[in-house]
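Student: Numbering (the working numbering), first residue to last: 5 to 279.
Sharing a structure here in structure tokens format.
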Amino acid sequence: MINNLERGFRSLKGKGFAILWGSDLAVSSAEFLELFILSWYVLQKTESPTILGIYAALRFTGTLFAPLLGVLVDHFGLRRSFNLSRAIFFILSFILAAIFLLEEPSILVILFMSALLGVMRSTDLITRQSVLTHMVSQGELQNAVALSRMGRDLTQIIVPIVAGFLLSSLGTEVTYLGVVILYAVSVVLSLMIPKFPRIMFDTKSNMWGFFTEGLSYIKAYPFLVALLLIAFIVNLTAFPLNHALLAVISNSMFDTDATGFGIIMGGYSAGALLG
Numbered sequence: 005m006i007n008n009l010e011r012g013f014r015s016l017k018g019k020g021f022a023i024l025w026g027s028d029l030a031v032s033s034a035e036f037l038e039l040f041i042l043s044w045y046v047l048q049k050t051e052s053p054t055i056l057g058i059y060a061a062l063r064f065t066g067t068l069f070a071p072l073l074g075v076l077v078d079h080f081g082l083r084r085s086f087n088l089s090r091a092i093f094f095i096l097s098f099i100l101a102a103i104f105l106l107e108e109p110s111i112l113v114i115l116f117m118s119a120l121l122g123v124m125r126s127t128d129l130i131t132r133q134s135v136l137t138h139m140v141s142q143g144e145l146q147n148a149v150a151l152s153r154m155g156r157d158l159t160q161i162i163v164p165i166v167a168g169f170l171l172s173s174l175g176t177e178v179t180y181l182g183v184v185i186l187y188a189v190s191v192v193l194s195l196m197i198p199k200f201p202r203i204m205f206d207t208k209s210n211m212w213g214f215f216t217e218g219l220s221y222i223k224a225y226p227f228l229v230a231l232l233l234i235a236f237i238v239n240l241t242a243f244p245l246n247h248a249l250l251a252v253i254s255n256s257m258f259d260t261d262a263t264g265f266g267i268i269m270g271g272y273s274a275g276a277l278l279g
């Protein structure tokens, strides 16, 4: 049993992946904490499921530009894109935290910031997945992917529950400072990653050529088209419910406060970790 457990965490023995995993854990925690806070804030401020749905949709604006973002990541390099995306997370959260401390931000500000974060979130996801394949050996890749998924599922369960108690006791302004701190931790850890892939691209090449070449590659493999279609359906139908509209269910059907919303949101995610 102990040996099997050790084998399950073997990828963390590599310093590069261990730091990357910690940085990813901080980003995921910040993401779900921010999602929880702003979903509840938008619903309480507007009492409109429609506006909350718009907020949820804007968080995925980056998926519309994902192919182009992938080309830009290739153009600027993985390390630069990786560190820049996490630094921008921190900057945007710091700005929003300052607005919260000075005055209540308008819903338009929340929606605008959500759209920006959506674009950067897609960029970060592209670089994160690209970097992962270079951090571990081919034999450990499956284990590393599983550990990355486990870390995200853990944060998706624990963070909303903790956030519910914090939001009820400390208020929105203080709780949102946790988002800023977590993003700051992710930036520091990303800068500490020692083994970073050095992949060189011809920066003078036409980026549109990279883009069309990528599309041609996808068309040549039907299973990639199927995977993209499944991902589109999931993003369109499942994630908005889990990531925002669950607040409507908690508030209107169960008449809960922020603490109850956190427990429901965390429990919703428990099945993914068991899987």
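We put the CB at the ideal spot given by N, CA and C, even for glycine.
Counting C-beta neighbours from all protein chains within 10 Å, is the total for A30 16 or more, i.e. buried, or is it exposed?
Tutor: Within the sequence shown, the letter at position 26 stands for residue 30. A30 is buried by the Cβ-count criterion.
Student: Please name the residue, chosen from L158, I55 and R84, that lies closest to L112 on a Cα-to-Cα basis.
Tutor: Counting from one through the sequence shown, the residue named residue 112 turns up at place 108. Comparing alpha-carbon positions, the option among L158, I55 and R84 lying closest to L112 turns out to be I55.
Student: Mind reading off the beta-carbon distance from A148 to L136? Whole number of angstroms is fine, and I expect it under 8 Å.
Tutor: Against the sequence shown, residue 148 aligns to sequence position 144. Against the sequence shown, residue 136 aligns to sequence position 132. Right, the Cβ-Cβ distance comes to about 6 Å (below 8 Å), so this counts as a contact.
Student: By DSSP, does Y272 sit in helix, in strand, or in coil?
Tutor: By 1-based counting over the sequence shown, the position of residue 272 is 268. Helix.
Student: Expressed to the nearest angstrom, what Euclidean distance is found between the alpha-carbon atoms of G264 and G168?
Tutor: Within the sequence shown, the letter at position 260 stands for residue 264. Within the sequence shown, the letter at position 164 stands for residue 168. Each residue's Cα considered, the two are about 7 Å apart.
Student: Quick check on Y180: does DSSP put it in helix, strand or coil?
Tutor: The residue given as residue 180 occupies position 176 in the sequence shown. In this structure, Y180 counts as helix in the three-state DSSP scheme.
Student: Assess, as a yes-or-no matter, whether the region 34-43 is touched by the region 173-190 under the definition of 3 or more beta carbon pairs within less than 8 Å.
Tutor: yes
Student: How many whole angstroms separate the CB atoms of I23 and G74, which I take to be in contact at a CB cut-off of 8 Å?
Tutor: Within the sequence shown, residue 23 is the residue found at index 19, counting from 1. Within the sequence shown, residue 74 is the residue found at index 70, counting from 1. 24 Å between Cβ atoms; not a contact.
Student: Give the straight-line distance between the Cα atoms of S173 and T127, rounded to the nearest whole angstrom.
Tutor: Here residue 173 is taken as the residue at index 169 of the sequence shown, counted from 1. Here residue 127 is taken as the residue at index 123 of the sequence shown, counted from 1. Approximately 34 Å between the Cα atoms of the pair.
Student: For R90, which residues of its own chain have a beta-carbon under 8 Å away from its beta-carbon, when the five flanking residues on both sides are left out?
Tutor: Position 86 of the sequence shown, counted from the first residue, corresponds to residue 90. Only S27, V31, D128, Y187, S190, V191 and S194 meet the Cβ criterion.
Student: CA-CA distance, Y45 and Y225?
Tutor: In the sequence shown, counting from the first residue as 1, residue 45 sits at position 41. In the sequence shown, counting from the first residue as 1, residue 225 sits at position 221. Cα to Cα, Y45 sits roughly 44 Å from Y225.
Student: What separation, rounded to the nearest whole angstrom, lies between the Cα atoms of E108 and P53?
Tutor: Here residue 108 is taken as the residue at index 104 of the sequence shown, counted from 1. Here residue 53 is taken as the residue at index 49 of the sequence shown, counted from 1. Their backbone Cα atoms lie some 20 Å apart in a straight line.
Student: Can you tell which of P164, T179 and I165 has the C-alpha that lies nearest to the C-alpha of L171?
Tutor: For the purposes of this step, residue 171 is taken as residue 167 along the sequence shown, with counting starting at 1. The residue with the shortest Cα to Cα distance from L171 is T179.
Student: Taking S97 and E38 to be in contact with their CB atoms under 8 Å, please state how far apart those CB atoms are, rounded to whole angstroms.
Tutor: Along the sequence shown, read from residue 1 onward, the residue named residue 97 stands at position 93. Along the sequence shown, read from residue 1 onward, the residue named residue 38 stands at position 34. The pair is a contact, with the Cβ atoms about 7 Å apart (cut-off 8 Å).
Student: Alpha carbon to alpha carbon, how far is G143 from A101? Give it in angstroms, no decimals.
Tutor: In the sequence shown, counting from the first residue as 1, residue 101 sits at position 97. In the sequence shown, counting from the first residue as 1, residue 143 sits at position 139. If you take the alpha carbons of A101 and G143, they lie about 43 Å apart.
Student: Is the beta carbon of V123 within less than 7 Å of some heavy atom of the ligand GDP?
Tutor: For the ligand GDP, the structure offers nothing, since it holds no ligand at all.
Student: Use the C-beta contact count for S152: other C-beta atoms within 10 angstroms, 16 or more gives buried, fewer gives exposed.
Tutor: For this step, residue 152 is matched to residue 148 along the sequence shown. Classification of S152: buried, given that the 10 Å Cβ count is 16 or more.
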